[in-house]
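Order-wise, the sequence lines are chains A and B.
Residue 1171 is where the first sequence starts when you use the working numbering, and the numbers rise one by one after that.
Residue -7 is where the second sequence starts when you use the working numbering, and the numbers rise one by one after that.
Positions of the beta carbon are idealized from the N, C-alpha and C atoms, including for glycine.
This report concerns only the one structure given below.
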Amino acid sequence: MNTRVYVCVCLFSILSLSARAELSIQITQGIDNPIPIAVVPFAWDGEGVLIENVAGIVINDLEQVGEFRSLSRSNMLSMPNEEREVFYRDWRILAQDYLLVGKINRASGSQLVQVQYEFFDINREMKLAGEILTGSVAQLRDIGHEIANVIFEQVTGVPGAFTSQILYIVSEHVQGDDYNFRLEKADYDGARAQVLLESSQPIMSPSWSPNGEDAAYVSFETDLPRIYIQNIATGQRRQITNYPNINSSPVWSPDATKLAMVLSKDGSPDIYVQDLNSNQLMRVTDHPSIDTEPSWSSDGRSIVFMSDRTGQPQIYQIELGASSYNVERLTYDCFQCMKAKFLPDGVNLVHVRREARQSPNYQIAILNIETLRVITLTNTSLDESPSVAPNGSMIMYATKFDGRGVLDAVSIDGRVKFRLPSSQGDVREPAWSPFLN
Amino acid sequence: MGMQHNQFLKISLLVISLVTLAACSSTSETEEVIEDNQGSSSSGSSASTTSAVSSGGQLTQEEIRAQNALRQTVFYFDFDVAEFKPADRDTLVYHARDLAANPGNRLRLEGHADERGTREYNLALGERRANGIMNYFIVNGASRSQIEVVSYGEERPSQSGQTEQAYTRNRRVEVVAR
């Protein structure tokens, strides 16, 4: 390979914004009877026009997850901005269940803005939530997501994940054998994409540290796959592994002290756990077949992984510290079951599934390991890399659309789908962040 | 959200050029050694070899076969299969003998998979394919230290697209001289 090799770490740069993959969301499948909500445009008492439309951000968030439908502005009978201007009757006539109003003021004597919002239950005629959030104009988008989080939790009882972010890989074919690979970070909806690392060699398997401050990934920048950890804010990074052969699939333990990974230094790929403080390496599986795709149980005591020890990939679980023979097989009814992770309930297993040998279709599915019921959530054929939102409500995954790699998301019940299309390159391997502070 | 910072840090890595540099020193000897070696090691086909050796500068048929075999550097695989095709066996033997005859030679076996199936499994599958060829080289006289294996899984397709033809071209092991 005579191609020029480069790798650069990008720090929150304006430059990186121009090269980002321009993701923007499309709802591809909603539910039949979404909850009607009216979001009145927020008043702004300062000069000029604000760069962000806070009410619009809230509407996008709520509609993207499919549970809500917002009332068109032109159908509103009044445009209240605070509680004393709200007449419940106006909204009941329009068959709205909920109402959000707000206003934005310049904070006196500073560059900051104050966003005051109030959220009402129309049928019960009561205010459910309200507060004043202060931030810079550049943070208005975060404030909008914050408000959407509150509304989502008030209505569904589940915390919203609209302030969460995603890591993903973009690959662009330049010419001949030359590719441009990027590790990018964006808001969950694809907005504000930033390049964290750019390389002429593949980048794979991004994963978040439990506190959301670091990313682990595999980079081939030395011509060999090696694991790195990079601080997302500072760009500072270090190489974690340099074992012979495959070094891949880094995943943080829930307590952030260890990294599960796949190494083939002893012949075939096996699961290992490296202590991040002592660098001590513990071998977890020991089998001449392929063992890969580790994920942690929520209590950090066991690891779920894929192995083709019976001839085809199936999902197994092993308790840490147990003998490597003491492996429990979790899947039986698929030709191939791969890339599995338990939902926080420890019962439902998200995975990639190929049902039958004759049809090489790979779809995202959930197996309940107690009832053995399987729900297949997607109906495209090249679906992979499922990653669950921190509130457990949705799964983002990679698939192909019009011959290009795109990121799709599906609700855990399969009813809602949205897509983040990319304007350039193949986008893949989404990793949904934990709750970020 | 510190976005005002307009920093841009660029790190160029020279590691790879060092690796290639180290490997380059041995390549010049390769061609001289090929000729006298191939005839002696292929004892089975001595009949055809002797008949072809007429004038001193001409290559024997066996030597031509060897050269043609060494020119094939990409080997394709069936879907979900890690073993190389039986039809490639003879060609691979020539590669192995060439390594055996030229202990200074180094090569890299780059394993690849098509995009179907998960990326991590394909990374492992690419390695399994390359390892299969490496082991066959060793059985046929090459030394383990001459061969480096790296798998790219499905990350570096030879042809993009979701067609059978693209998939067929992407399931491969490439023999790369170092």
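Going straight from the alpha carbon of residue i to that of residue j, what length do you get?
{"i": "S1434 of chain A", "j": "E1354 of chain A", "result": "27 Å"}
{"i": "Q1324 of chain A", "j": "Y1486 of chain A", "result": "38 Å"}
{"i": "A122 of chain B", "j": "L101 of chain B", "result": "6 Å"}
{"i": "F192 of chain B", "j": "I1274 of chain A", "result": "In the structure displayed, chain B extends from -7 to 170; residue 192 of chain B sits before or after that span and is not available."}
{"i": "N1531 of chain A", "j": "D1583 of chain A", "result": "20 Å"}
{"i": "E1554 of chain A", "j": "R1453 of chain A", "result": "27 Å"}
{"i": "E24 of chain B", "j": "N162 of chain B", "result": "At E24 of chain B the pLDDT is 36, less than 50, meaning the model places this residue with poor confidence and gives no usable figure here."}
{"i": "V1520 of chain A", "j": "E147 of chain B", "result": "24 Å"}
{"i": "L1298 of chain A", "j": "V1224 of chain A", "result": "19 Å"}
{"i": "L1446 of chain A", "j": "A92 of chain B", "result": "42 Å"}
{"i": "F67 of chain B", "j": "F76 of chain B", "result": "7 Å"}
{"i": "S1459 of chain A", "j": "Y113 of chain B", "result": "11 Å"}
{"i": "S1465 of chain A", "j": "Y1358 of chain A", "result": "21 Å"}
{"i": "S150 of chain B", "j": "T160 of chain B", "result": "10 Å"}
{"i": "G124 of chain B", "j": "L99 of chain B", "result": "15 Å"}
What does DSSP give as the partner residue(s) for residue i in the beta ladder?
{"i": "I125 of chain B", "result": "None; I125 of chain B has no bridge partner."}
{"i": "G1405 of chain A", "result": "None; G1405 of chain A has no bridge partner."}
{"i": "C1507 of chain A", "result": "A:R1523"}
{"i": "H104 of chain B", "result": "B:G145"}
{"i": "F1332 of chain A", "result": "According to DSSP, F1332 of chain A bridges with nothing at all."}
{"i": "T1610 of chain A", "result": "Residue 1610 of chain A falls outside the range modelled here, since chain A spans only 1171 to 1607, and no answer is possible."}
{"i": "Y68 of chain B", "result": "B:R164"}
{"i": "R1311 of chain A", "result": "The partner list for R1311 of chain A (beta bridge, DSSP) is empty, contrary to what the question assumes."}
{"i": "Y1349 of chain A", "result": "A:H1343"}
{"i": "R1499 of chain A", "result": "A:Y1486"}
{"i": "D1478 of chain A", "result": "D1478 of chain A is not bridged to any residue."}
Under the three-state reduction of DSSP, which class applies to residue i: helix, strand or coil?
{"i": "T1326 of chain A", "result": "helix"}
{"i": "T1546 of chain A", "result": "strand"}
{"i": "P78 of chain B", "result": "helix"}
{"i": "T160 of chain B", "result": "helix"}
{"i": "V1209 of chain A", "result": "strand"}
{"i": "Q1528 of chain A", "result": "coil"}
{"i": "L1256 of chain A", "result": "Inspection of the sequence shows that residue 1256 of chain A is occupied by Val rather than by Leu. Coil at V1256 of chain A, not helix or strand."}
{"i": "I1473 of chain A", "result": "strand"}
{"i": "I26 of chain B", "result": "Confidence at I26 of chain B is low in this model, with a pLDDT of 37, below 50, so the placement of that residue should be treated as unreliable; the coordinate-derived value is given next. Here I26 of chain B sits in helix by DSSP."}
{"i": "I1302 of chain A", "result": "strand"}
{"i": "Q1484 of chain A", "result": "strand"}
{"i": "V45 of chain B", "result": "Per-residue confidence for V45 of chain B stands at a pLDDT of 45, beneath the threshold of 50, marking its modelled position as unreliable; no derived number is given."}
{"i": "E1599 of chain A", "result": "strand"}
{"i": "S1465 of chain A", "result": "strand"}
{"i": "E1237 of chain A", "result": "coil"}
{"i": "V1586 of chain A", "result": "coil"}
{"i": "Y1358 of chain A", "result": "coil"}
{"i": "R1396 of chain A", "result": "strand"}
{"i": "E1391 of chain A", "result": "coil"}
{"i": "A1245 of chain A", "result": "First, the amino acid is wrong: residue 1245 of chain A is Asn here, not Ala. Helix."}
{"i": "Y1442 of chain A", "result": "strand"}
{"i": "A1492 of chain A", "result": "coil"}
{"i": "V73 of chain B", "result": "coil"}
{"i": "C16 of chain B", "result": "Bear in mind that the predicted position of C16 of chain B carries a pLDDT of just 34, short of 50, making it unreliable; the figure below should be weighed with that in mind. Correct three-state label for C16 of chain B: helix."}
Below 7 Å CB to CB, which residues in the same chain sit around residue i once its five sequence neighbours on both sides are set aside?
{"i": "D1384 of chain A", "result": "I1399, Q1400, N1401 and I1402"}
{"i": "E119 of chain B", "result": "G103, V141 and S143"}
{"i": "R1262 of chain A", "result": "I1292"}
{"i": "Y1413 of chain A", "result": "L1433 and K1435"}
Starting from the C-beta of residue i, find all residues in its chain whose C-beta is less than 8 Å away, skip the five residues before and the five after it, and write them out in chain order.
{"i": "A1318 of chain A", "result": "I1227, V1228, D1231, L1232, G1330 and F1332"}
Please report the residue range of the beta strand (DSSP E) in which residue i lies.
{"i": "L84 of chain B", "result": "Note, L84 of chain B: premise wrong, no beta strand (DSSP E); alpha helix (DSSP H) at R81 to A93."}
{"i": "N1417 of chain A", "result": "N1417 to W1422"}
{"i": "Q1284 of chain A", "result": "V1283 to D1291"}
{"i": "K1428 of chain A", "result": "K1428 to L1433"}
{"i": "G1272 of chain A", "result": "Y1268 to R1276"}
{"i": "I1536 of chain A", "result": "Q1533 to N1538"}
{"i": "E1368 of chain A", "result": "Q1364 to S1369"}
{"i": "R98 of chain B", "result": "Element bounds for R98 of chain B: n/a, residue is neither H nor E."}
{"i": "R1453 of chain A", "result": "L1451 to R1453"}
{"i": "V1175 of chain A", "result": "First-last for V1175 of chain A: undefined, no H or E at that position."}
{"i": "V1219 of chain A", "result": "Counting along the chain, V1219 of chain A falls outside any beta strand (DSSP E), and DSSP gives it neither H nor E."}
Ignore the nearest five residues each way along the sequence and tell me which others in residue i's own chain have a CB closer than 6 Å to its CB.
{"i": "A1526 of chain A", "result": "F1505"}
{"i": "F69 of chain B", "result": "R121 and R163"}
{"i": "V1271 of chain A", "result": "V1210, P1250, N1251 and E1288"}
{"i": "N132 of chain B", "result": "V85 and A88"}
{"i": "Y1258 of chain A", "result": "I1292 and E1295"}
Considering residue i, what are the terminal residues of the alpha helix (DSSP H) in which it resides?
{"i": "Q1335 of chain A", "result": "Run containing Q1335 of chain A: none in the alpha helix (DSSP H); it sits in the beta strand (DSSP E), Q1335 to Q1345."}
{"i": "G145 of chain B", "result": "Per DSSP, G145 of chain B belongs to no alpha helix (DSSP H); it is in the beta strand (DSSP E), I139 to G145."}
{"i": "E54 of chain B", "result": "Q53 to R63"}
{"i": "N132 of chain B", "result": "Where N132 of chain B is concerned, there is no enclosing alpha helix (DSSP H), given that its DSSP letter is neither H nor E."}
{"i": "Q1234 of chain A", "result": "V1224 to Q1234"}
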